[in-house]
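Chains as they are written, first to last, in the numbering used here: chain A, 1265 to 1452; chain B, 1265 to 1452.
From the three backbone atoms N, C-alpha and C, an ideal C-beta is built for every residue, glycine too.
Note that the structure is a prediction, hence the values are computed from the model and not measured.
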């Protein structure tokens, strides 16, 4: 294959696929949901999770006010939630009502949890730091929701039961390949 | 399915699969490579990329000294690189020599680029911030390496040509499913 090396970085997209999550937030009686592919766990103890959000987003405003957010992991079958929640602003409309998104009750926060999610984290905001055109919002995970049968006894997602939603870029989505799963022990 | 809700967060692992990358660094004549699954793009303009690294790691020391790092995206076929680079410390041994990892020349930094990577970012460190038991290291992407044939003209990874390496947790790896790729347009 031909190797290209360039300092013209542009809209770099070589790091996909990534799971696309639905970030939820609630403040002053308004709930919202947005799509995000830029997110990561960043500490085990305390359990911290970060998500990169544009300060122009309504969800950014809600999280800044309430100091809470939810990270919802959704199956491939509900990709329309990601594409529809990502295509509109919740400033004027209630996405939950408009898109008929069903909610579960949160345990430790006031953030909506998606009934369609196979797993979700409730987070309390601990830091909010601007990096370039986005803000890195870090929350401590204070509660976890998950479908028991979706995970193995070792807490690994069971791809025979759930197809996680992965974003590839350019409005293309896929999932993980259950046929390729391999156990590879660490070390030399 | 049975929905579990708990505030016993433990070693949460519901957010996998994620691409496993090889983080490379070089300082004072020493090169090193480590495995990381906790990483994300965080800004388009300027192009910023973050990776969460334990301050106990030798790579953390090298990045702190040199203010540079590389993010290498590797195919499923080279999963052994991830498991072996992740199982040993580079403090005493040269992983590149020991694991016979071939390097390509960097363009704008001194970080090693893996010849096996289907894409890689060269980053200049712009921030380093402790969060819990890890440090969030943020770099500006100053150069991109990629295999031309591995990406479509829209810069999307072509899963028919490359199987990206995804980590599932508990030493289990998989890839993305090329049969599930769907175009789903944004908006309601």
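Residue i in three-state terms, based on DSSP
i                       : result
residue 1344 of chain A : helix
residue 1362 of chain A : helix
residue 1326 of chain B : helix
residue 1304 of chain B : strand
residue 1404 of chain A : strand
residue 1443 of chain B : helix
residue 1332 of chain B : strand
residue 1383 of chain B : strand
residue 1412 of chain A : helix
residue 1424 of chain B : coil
residue 1349 of chain A : helix
residue 1293 of chain B : coil
residue 1267 of chain A : strand
Rounded separation between residue i and residue j - CA only
i                       : j                       : result
residue 1427 of chain A : residue 1357 of chain A : 30 Å
residue 1281 of chain B : residue 1280 of chain A : 12 Å
residue 1413 of chain B : residue 1425 of chain B : 8 Å
residue 1286 of chain A : residue 1294 of chain A : 16 Å
residue 1265 of chain A : residue 1422 of chain B : 13 Å
residue 1393 of chain A : residue 1390 of chain B : 13 Å
residue 1437 of chain B : residue 1347 of chain B : 10 Å
residue 1419 of chain B : residue 1272 of chain A : 13 Å
Beta-carbon proximity check, residue i vs residue j, cutoff 9 Å
i                       : j                       : result
residue 1387 of chain B : residue 1332 of chain B : yes
residue 1363 of chain B : residue 1288 of chain B : no
residue 1302 of chain A : residue 1304 of chain B : yes
residue 1354 of chain A : residue 1300 of chain A : no
residue 1382 of chain B : residue 1345 of chain B : no
residue 1275 of chain B : residue 1315 of chain A : no
residue 1385 of chain A : residue 1306 of chain B : no
residue 1451 of chain A : residue 1352 of chain B : yes
residue 1370 of chain B : residue 1334 of chain B : yes
residue 1409 of chain A : residue 1267 of chain B : yes
residue 1440 of chain A : residue 1269 of chain B : no
Cut-off 7 Å between Cβ atoms - residues of its own chain near residue i, not counting five sequence neighbours on either side
i                       : result
residue 1283 of chain A : 1337, 1428, 1429 and 1430
residue 1277 of chain B : 1433
Sequence-distant residues of the same chain with beta carbon closer than 8 Å to residue i, five excluded per side
i                       : result
residue 1324 of chain B : 1317, 1318, 1399 and 1401
Close Cβ partners of residue i (< 6 Å) along its chain, the five nearest in sequence each way excluded
i                       : result
residue 1367 of chain A : 1376
residue 1380 of chain B : 1338 and 1342
residue 1405 of chain B : 1311, 1313, 1385 and 1387
residue 1373 of chain A : 1332 and 1386
Could you list the residues in the region 1297-1312 of chain B with a C-beta less than 7 Å from some C-beta on chain A, going in chain order?
1302, 1303, 1304, 1305, 1306, 1307, 1308, 1309, 1310, 1311 and 1312
Of the residues that make up the region 1429-1449 of chain A, which ones have a beta carbon closer than 7 Å to any beta carbon in chain B?
1430, 1432, 1433, 1434, 1435, 1436, 1437, 1438, 1439, 1440, 1441, 1444, 1445, 1446, 1447, 1448 and 1449
Members of the region 1271-1289 of chain A near chain B, C-beta cut-off 9 Å
1271, 1272, 1273, 1274, 1275, 1276, 1277, 1278, 1279, 1280, 1281, 1282, 1283 and 1285
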